[in-house]
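Just so you know, we're using my numbering here: the first sequence kicks off at 162 and counts up by one. Glycine included, C-beta positions come from ideal geometry on N, C-alpha and C. Bear in mind the structure is a predicted one, so any value in this text is a computation, not a measurement. The structure under discussion appears below in the form of structure tokens.
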Amino acid sequence: MADQDPNQPTYSIGEVREKTGLTSRQIRYYEAMGLIESLRTNGQHRRFTEEMIDRLLTIKELLKEKPSIEAVRQALQQPGAGPPGLSRKKAPALPRYPQLGRQGLTSLYPVSNRADLLAMIQWMEGQKKKKTKKDP
DNA sequence: ATTCTAACA
DNA sequence: TGTTAGTA
């Protein structure tokens, strides 16, 4: 069988916006809500594989029947919720932003959270540097 | 020109 | 959600 192409094509958020009909705002929001993940370039720009695009299309359809992001997230976790032919072995989609919906960390003690800890630290690093347009 | 995050409407 | 500000 053909192995997975290590150079799977990826698309910018602008291309994904055209392919899915979703706005960039929605795409980013769904990611922040943990409905989907995306790749990042060195400059933090999102990249999407075709599978991610399929998932976004699924989310788009699901939102027509499900009234909440919460409901869509649950529907996505159940097998068979997506397009036929695509089987999800895992559903690694949980909110990654400690500030928004849900939390990024569950516990500090198990060192099994290394990835989450690093992600949070990087997020905090980004916060330090950012400028607020409204300074109270 | 495009995207990113945060914040405001 | 859309839009805007200030960056990278």
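Rounded to the nearest angstrom, what separates residue i and residue j at their Cα positions?
{"i": "Q205", "j": "K225", "result": "31 Å"}
{"i": "R178", "j": "L218", "result": "11 Å"}
{"i": "P170", "j": "A236", "result": "27 Å"}
{"i": "L223", "j": "I214", "result": "14 Å"}
{"i": "T184", "j": "R207", "result": "14 Å"}
{"i": "F358", "j": "T202", "result": "A question about residue 358 goes unanswered here, because the residues of the chain that appear run from 162 up to 297."}
{"i": "E212", "j": "Y172", "result": "11 Å"}
{"i": "Q239", "j": "R189", "result": "23 Å"}
Less than 8 Å between C-beta atoms, sequence neighbours within five positions excluded: which residues of the same chain meet that for residue i?
{"i": "G262", "result": "With a pLDDT of 45 at G262, under the threshold of 50, the modelled position of this residue cannot be trusted; read the value that follows with caution. The residues are A193, M194, G195, I230 and P256."}
{"i": "I220", "result": "Y191, L196, I197, V233 and L237"}
Secondary structure at residue i, three-state DSSP: helix, strand or coil?
{"i": "L200", "result": "strand"}
If you count every other CB in all the chains shown that lies within 10 Å of the CB of residue i, and 16 or more means buried, which is it?
{"i": "L200", "result": "exposed"}
{"i": "T181", "result": "buried"}
{"i": "R216", "result": "buried"}
{"i": "R186", "result": "exposed"}
Following the continuous alpha helix (DSSP H) through residue i, name the residue where it begins and the one where it ends.
{"i": "K221", "result": "E211 to E226"}
{"i": "K187", "result": "Correcting the residue type first, residue 187 is Gln in the shown sequence and not Lys. Per DSSP, Q187 belongs to the alpha helix (DSSP H) from S185 to A193."}
{"i": "T171", "result": "Premise fails: T171 is in no alpha helix (DSSP H) and is neither H nor E."}
{"i": "Q238", "result": "I230 to Q238"}
Spatial neighbours of residue i within its chain, please: CB distance less than 7 Å, with the 5 preceding and 5 following residues excluded, ordered by chain position.
{"i": "K227", "result": "V233 and A236"}
Taking 6 Å as the limit between beta carbons, can you name the residues of its chain near residue i, skipping five residues before and five after?
{"i": "G175", "result": "none"}
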